Amino acid sequence: MPQTPSPNSSARAAPATPPTNNRLARVAAASAASTESSSLLPAASAHTTAAGKGLPALFAAHTLETWTSRTWEFAWPIWIAQLVPDSLAPLSVYGITMSLGALLMGGRIGAMIDRPTVSRWMAVSYTVVIAKLAMAMACSVMMVWFSIAHDPQGWIAQLVLPLMPATELGQRVVLMVPLVIAGLFIKWSNTGYVISVERDWVVVINHGNPLKLAWTNGWVRRIDLLCKLLAPLVIASLIAYLPSRVTVLGLGAWALIDMALELVLFNSVRRLHLPLSLPKSSAAAHAGLEEHNVPAAHSDDDDEEADDSQIALGESGYGATTGTDAQQDRATPSPPSPTLSGATTTLTSPTRSDHHNRSALARYWHHPVLLASLAMASLYVTVLSFGGQMIAYLATEAHVSTQAIAGYRAFAGISGVLATWVAPALITRYGPIRSGLWSIWTQTLCLAPVAIILLRDLIGGQDTNGPVIVTVLCVSVSISRIFLWTFDLSHAQIMQEAIDSHEVGVINGVHYALCAGGDLLTYVLTLVWSSPSDFVVPMLVSVAFVLNGAVLWSVYTYKVRKHLIHWEKVPFLWQRLRLIYAHPTV
1 MPQTPSPNSS ARAAPATPPT NNRLARVAAA SAASTESSSL LPAASAHTTA
51 AGKGLPALFA AHTLETWTSR TWEFAWPIWI AQLVPDSLAP LSVYGITMSL
101 GALLMGGRIG AMIDRPTVSR WMAVSYTVVI AKLAMAMACS VMMVWFSIAH
151 DPQGWIAQLV LPLMPATELG QRVVLMVPLV IAGLFIKWSN TGYVISVERD
201 WVVVINHGNP LKLAWTNGWV RRIDLLCKLL APLVIASLIA YLPSRVTVLG
251 LGAWALIDMA LELVLFNSVR RLHLPLSLPK SSAAAHAGLE EHNVPAAHSD
301 DDDEEADDSQ IALGESGYGA TTGTDAQQDR ATPSPPSPTL SGATTTLTSP
351 TRSDHHNRSA LARYWHHPVL LASLAMASLY VTVLSFGGQM IAYLATEAHV
401 STQAIAGYRA FAGISGVLAT WVAPALITRY GPIRSGLWSI WTQTLCLAPV
451 AIILLRDLIG GQDTNGPVIV TVLCVSVSIS RIFLWTFDLS HAQIMQEAID
501 SHEVGVINGV HYALCAGGDL LTYVLTLVWS SPSDFVVPML VSVAFVLNGA
551 VLWSVYTYKV RKHLIHWEKV PFLWQRLRLI YAHPTV
């Protein structure tokens, strides 16, 4: 596999010294080469020399963003159910519209983020402002709706009712339209935020260092999962003890406060890293930002240089991978990226017009991460997540108590948080490709008992809602969440390392659009098999899609690593097992 030139490649090639196995000499040579290379960069690159600087502020901003988003995701269905207690249609319309909107606009949002004239700071600030203003608008509409429903003689109702249809159905439609529009803008802004921050900003801040990326990704996902656990508890307590209009008004006001706080925090981060403030084209030329694709370009043909790279990474304090397998695991093929050569920064990349003339879907379809992305998108077609559909099935058909459901859901949440510590260790030791391979197949094995029992009872015409089956289902799903999130973090690092900065938006945009398509297919499954007694069919389809994702990731792994198993090591493993069996004390 051709190696992408790095800033210190010319400096390393100059001295014709024989290879040495002396670790200290190699460290000194790598350090000297790095120092010489850094002196050739423009003076402005000093703004980006501190890899990881500003991460606490980034984590604080991400916590605010995620907390507010999770609060809204949990609260709006409760408020809609209070306003329209006799129908689930508004919830279904809202959910399907959000999935369709993300499916249709994901690639376009990514393309807008990738525009050469749009800076990373501009992209993030726009997503934050639009999302929070849309949330404030949605809360205002909710406030009007609650006023009409609970206080029809109040001044708000008296002001609005003359402008609305006389029928209750007409009023609901008029109020749902702005809610759906605001929800779409929230959804689109959140998609843009994830692409910008989780796929781009963290790479820039960490200078593409794979070990630091694994650590940072773990914290980002940990914040997501903790907010997903805690934010609903807080807003649920407020809804239980305060009037609905007060909580709606409070969330709308908090959205505006949150917007200001996030902008301040993100601004403090971008002031530490000059490329975040510049358009991507200027940032690449000014500070050599395309370096964040360099760590992914290693192969088995350059073991000596790979070892030097790993020694240098080991000095960072985030640990170091060992062996050539971990290096090959990062050998994710990527399109040609701009390179740095000689004493001046020379950009050699495909012209922007060539990229933008191709549709987002075509660029995604021909990108090397296609199979990895499709594997992740397959996992979105699932009802095995302790979401609304599964909770409804457990409560109505399986007759599981509310306390037991809450316990299983908490167990699943804790499993997810645990994965944010397990995944960085796996990725640091074995690389993201192998970590993802082991994770997704372990997740499949965790769900295999569910599929076997359901198929056996379904074919045999037996009851699929017995206590044993339900227990196996809940425990298997809860444990599988560990490996779901370790796979998610492995996939996230692949998407960070293997995609050039000028394609981060469009490739990830199409990826998230396909994930939204998976959510939409889940809605379709539960609409076709809408009876809780038929829920076994969506469950089996969910397991099938997990298996499909595992197969796709295996094909992707084979294409990159050229193998799945070290068959040459199997005889040694067999001999070791025989020795242990013959001499148990060994």
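Per full-length UniProt numbering, the sequence shown starts with residue 1, numbered consecutively. Cβ atoms here follow ideal geometry from the backbone N, Cα and C, with glycine treated the same way. Please read all numbers here as calculations on a predicted model, not as lab measurements.
(request) Using alpha carbons as the reference points, say which of F483, P424, H511 and L473 lies closest to R363. (result) H511
(message) List, from N- to C-terminal side, the alpha helix (DSSP H) runs of 4 residues or more that fit wholly inside the segment 430 to 471.
(response) 432 to 460
(request) Indicate whether the contact test is met: 3 or more Cβ pairs, each with one atom in the segment 206 to 214 and one in the segment 390 to 398, closer than 8 Å. (result) no
(message) What does DSSP give as the partner residue(s) for S99 in the beta ladder?
(response) None; S99 has no bridge partner.
(message) According to DSSP, simplified to helix, strand and coil, what is S277?
(response) coil
(request) May I ask which residues mark the beginning and end of the alpha helix (DSSP H) holding L226? (result) P210 to Y241
(message) Does the CB of G110 have a neighbour CB from chain B at under 8 Å?
(response) Given the protein chain composition of this structure (a single chain), no chain B is represented.
(message) According to DSSP, is S401 part of a helix, a strand, or is it coil?
(response) coil
(request) Would you check if the distance between the CB atom of L484 and the CB atom of L379 is smaller than 8 Å? (result) yes
(message) According to DSSP, simplified to helix, strand and coil, what is S359?
(response) coil
(message) Which residue marks the beginning of the alpha helix (DSSP H) containing V543, and which one marks its end?
(response) V536 to R561
(request) Mind checking which residues open and close the alpha helix (DSSP H) that includes R120? (result) R120 to H150
(request) Determine, using beta-carbon pairs with one atom in the segment 256 to 273 and one in the segment 85 to 101, whether at least three such pairs fall under 8 Å. (result) no
(message) Using a 10 Å radius around the Cβ and a threshold of 16 neighbouring Cβ atoms, would you call T68 buried or exposed?
(response) buried
(request) Enumerate in chain order the residues of its own chain whose CB-to-CB distance from V234 is below 8 Å, with the five nearest sequence positions on each side excluded. (result) T71
(request) Using 10 angstroms around the beta-carbon of G101, count the other beta-carbons present and answer buried if the total reaches 16, otherwise exposed. (result) buried
(request) Would you give the residue range spanned by the alpha helix (DSSP H) that D258 belongs to? (result) S244 to R270
(message) Which residue wins for smallest C-alpha separation from V93, given the options H150, S125, M143 and R172?
(response) R172
(request) Starting from the C-beta of L58, find all residues in its chain whose C-beta is less than 6 Å away, skip the five residues before and the five after it, and write them out in chain order. (result) V269
(message) Once the 5 residues before and after A392 are set aside, which same chain residues still bring their CB inside 7 Å of it?
(response) P532
(request) Would you kindly check if the distance between the Cβ of I78 and the Cβ of P90 is under 8 Å? (result) no
(message) Quick check: G416 and R481, are their CB atoms within less than 8 Å of each other?
(response) yes
(request) Give the straight-line distance between the Cα atoms of P243 and A131, rounded to the nearest whole angstrom. (result) 25 Å
(request) Taking only the alpha-carbon atoms, compute the straight-line gap between L179 and R456 and give it to the nearest angstrom. (result) 45 Å
(message) Among the candidates P449, I507 and S501, whose CA atom is the shortest distance from the CA of I479?
(response) P449
(message) Check for me: the alpha helix (DSSP H) holding R70 runs from which residue to which?
(response) L55 to L83
(request) Would you mind sorting E503 into buried or exposed? The rule is 16 or more other CB atoms within 10 Å of its CB. (result) buried
(message) Report the CB separation of I507 from H367 in whole angstroms; it is logged as a contact under 8 Å.
(response) 6 Å
(request) For A28, count neighbouring Cβ atoms within 10 angstroms of its own Cβ and tell me buried if that reaches 16, exposed if not. (result) Low confidence applies to A28: its pLDDT is 41, below 50, so where it sits in the model is not reliable, and the reading given next is rough at best. Its Cβ having fewer than 16 others within 10 Å, A28 is exposed.
(request) Pull up the CB-CB distance for T382 and S542, whole angstroms please, since I reckon it's below 8 Å. (result) 4 Å
(message) Counting C-beta neighbours from all protein chains within 10 Å, is the total for G517 16 or more, i.e. buried, or is it exposed?
(response) buried
(request) Report buried or exposed for Q496, applying the criterion of at least 16 other Cβ atoms within 10 angstroms of its Cβ. (result) buried
(request) Please report how far the alpha carbon of L274 lies from the alpha carbon of L55, in whole angstroms. (result) 15 Å
(request) Evaluate contact between the segment 131 to 144 and the segment 176 to 194, counting only Cβ atoms and requiring at least three cross-stretch pairs below 8 Å. (result) yes
(request) Would you decide whether S530 is buried or exposed? Buried here means 16 or more other CB atoms lie within 10 Å of its CB. (result) exposed
(request) Would you give the residue range spanned by the alpha helix (DSSP H) that A513 belongs to? (result) V504 to V528
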